[in-house]
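Numbering (this note's numbering), first residue to last: 3 to 131.
No residue lacks a Cβ here, since even glycine has one placed at the ideal position from N, Cα and C.
Keep in mind the model is a prediction, meaning the values are calculated, not measured.
Notes follow the structure.
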Amino acid sequence: MDDKVKFDIEFPIHASPQLLYQYISTPSGLSEWFSDNVNSRGELFTFIWDDSEEQAKLLSKKSGERVKFRWLNDEDDQVSYFEIRIQVDEITKDVSLMVTDFAEEDEIDEAKMLWENQISDLKHVLGSV
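Quick look at the structure:
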């Protein structure tokens, strides 16, 4: 198995950090843009798309700032995770979502495109297009 490579993407977004945090940290918020449905029991989140589902463990969160998950379907991989972080420019007050994820080297472009589509859906939900 190839080692996964870490990558970061920044998405400028017109929304308050408090509102954004609800959309990246709660099952109801995530189900508006990230997957069709999300259930959670403690730190275990189940993401549902059409006829498939994946489980992820919430590794950490900081209120108003970030969430970090690890997919549970990849037991061999204890290193990779995905993190969604809210960043506010101190001077301009511009808000960005910073996404950190891991993918196999030949799948990075595809993974980035998937995030771009997901964040585009989030912007539509927020009216931030």
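Whole-Å CB distance - residue i paired with residue j, under 8 Å assumed
i       : j      : result
Arg-68  : Arg-87 : 4 Å
Tyr-116 : Tyr-25 : Note that residue 116 is Leu in the sequence shown, not Tyr. About 17 Å; that fails the 8 Å criterion.
Phe-47  : Phe-71 : 7 Å
Phe-49  : Ser-37 : 4 Å
Residue i to residue j span [Cα, whole Å]
i       : j       : result
Val-7   : Trp-73  : 15 Å
Ser-27  : Ser-130 : 19 Å
Lys-114 : Asp-103 : 9 Å
Gln-89  : Gln-120 : 18 Å
Val-97  : Phe-84  : 19 Å
Leu-128 : Leu-99  : 13 Å
Leu-60  : Ser-122 : 23 Å
Gly-31  : Glu-118 : 18 Å
Gly-66  : Ile-11  : 19 Å
Residue i (DSSP reduced to helix, strand or coil)
i       : result
Trp-117 : helix
Lys-95  : coil
Ile-88  : strand
Glu-67  : coil
Glu-112 : helix
Ser-130 : coil
Ser-82  : coil
Residues that residue i bridges to, as DSSP identifies them
i       : result
Ile-50  : Asn-39 and Glu-55
Ala-105 : Val-7
Gln-20  : Gln-20 is not bridged to any residue.
Pro-29  : Pro-29 pairs with nothing; no bridge assigned.
Glu-12  : Met-100
Ser-62  : Lys-70
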